Amino acid sequence: MLTRILLNAPRLMSLLLLLLPMVADAQSDLGGSAEIQGSSAINEGDVRGTIRRLLLRAVSFVGLLAVVVIVIAGIYLIVGGGDDGRRETAKNMIIYTIIGIIVIALASAFVLFMTTIFA
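Mapped onto numbering that gives the first Met the number 0, the consecutive letters of the sequence shown carry residue numbers 0 to 118.
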């Protein structure tokens, strides 16, 4: 049962990730994402704007993926009971996920800083 849930989790995540922009547009009073993007300082054809949009989407995806990995680590911790090996695996998963989030945040901040400098 647990392996079935873990195997289907990426499919569910992909579906939620694809539906997320539609949910955000449905909640907007401004007429959708096209109007919001048109009012920004970044033009549609601008390379820096494309880099920023791709970077923000990648960071959002990685953040969502990190939450899923931490939840899976929590499941390992709970299901493992008193097994020290599973507890250590879950602890390492959480530590490596947090380190990964920090590295991704620093890398994205660096890229956004560089695109601002060379504007």
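Glycine is no exception: its CB is placed at the ideal position from the N, C-alpha and C atoms.
Given the structure is predicted, the values throughout are model-derived calculations rather than measurements.
Nearest-angstrom Cβ-Cβ length linking residue i and residue j, presumed shorter than 8 angstroms
{"i": "residue 54", "j": "residue 111", "result": "7 angstroms"}
{"i": "residue 96", "j": "residue 47", "result": "The pair is not a contact, with the Cβ atoms about 30 angstroms apart (cut-off 8 angstroms)."}
Between the CA atoms of residue j and residue i - distance to the nearest angstrom
{"i": "residue 90", "j": "residue 61", "result": "19 angstroms"}
{"i": "residue 94", "j": "residue 57", "result": "21 angstroms"}
{"i": "residue 81", "j": "residue 88", "result": "13 angstroms"}
{"i": "residue 75", "j": "residue 66", "result": "14 angstroms"}
{"i": "residue 102", "j": "residue 49", "result": "22 angstroms"}
{"i": "residue 68", "j": "residue 109", "result": "25 angstroms"}
{"i": "residue 85", "j": "residue 70", "result": "14 angstroms"}
Cβ-based neighbour list, residue i, same chain, cut-off 7 angstroms, excluding 5 preceding and 5 following
{"i": "residue 107", "result": "54, 58"}
{"i": "residue 72", "result": "89, 92, 93"}
Own chain, CB closer than 6 angstroms to residue i, minus 5 neighbours either side, in chain order
{"i": "residue 117", "result": "none"}
Close-in-space but distant-in-sequence residues of the same chain around residue i (CB under 8 angstroms, 5 per side omitted)
{"i": "residue 99", "result": "61, 65"}
Which ranges does the alpha helix (DSSP H) cover as unbroken runs of at least 4 residues, wholly within the region 38-97, from first to last along the chain?
-> 46-79
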